[in-house]
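The sequence shown begins at 304 in the working numbering and counts up one residue at a time.
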Amino acid sequence: SFSSLARAAYDHAECPDDDDTPTTYLLSPFFDEIVKKLIETTDRSDGNQSNLRNAAYEALMEMIRHSPKDCYFTVQKTTVTVLDRL
């Protein structure tokens with residue numbers, strides 16, 4: 304699952320000595336596209352079937368929670384998108 308993948312990438316990323324947040328990680332080149340596809344999944348017409356919509360939002364939150372600094376712009380855009388839906 305994306306949740307486990309995001310956590311593993313974050314946990315294995317190198318952090319500067321004075322910071323707990325990594326500057327980048329292995330998923331950084333793909334982060335924007337993964338988040339985009341998860342957002343699209345939450346909009347699917349069959350999203351209520353098999354808990355798909357909830358699973359997509361959960362994966363999205365894990366991606367955001369375990370994001371490195373170079374993905375913060377995407378995190379900001381995604382946060383605004385999710386807040387607009389509330």
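All residues carry an ideal CB built from backbone N, CA and C; glycine is no exception. Since we're looking at a predicted model, the values are computed, not measured.
- Query: According to DSSP, is E365 helix, strand or coil?
  - Reply: Numbered from 1 along the sequence shown, position 62 holds the residue referred to as residue 365. Helix, per DSSP.
- So which of K339, H369, R310 has the shortest CA-CA distance to V385? As a working mapping, residue 385 is identified with position 82 in the sequence shown. The shortest Cα separation from V385 among K339, H369, R310 belongs to K339.
- Message: Going by beta-carbon coordinates alone, are L355 and D346 separated by less than 8 Å?
- Response: What you label residue 355 is simply residue 52 of the sequence shown in a count that begins at 1. What you label residue 346 is simply residue 43 of the sequence shown in a count that begins at 1. In this structure, L355 keeps its C-beta atom at 8 Å or more from the C-beta atom of D346.
- Message: So, under 8 Å CB-CB, S331 and C374 are touching, yes? Tell me the CB distance rounded to an integer number of Å.
- Response: Within the sequence shown, the letter at position 28 stands for residue 331. Within the sequence shown, the letter at position 71 stands for residue 374. That pair is a contact at about 6 Å.
- Query: With respect to the alpha helix (DSSP H) encompassing R310, which residues constitute its N-terminal and C-terminal limits?
  - Reply: By one-based count along the sequence shown, residue 310 stands at place 7. Looking at the DSSP string, the run of the alpha helix (DSSP H) that includes R310 is 305-315.
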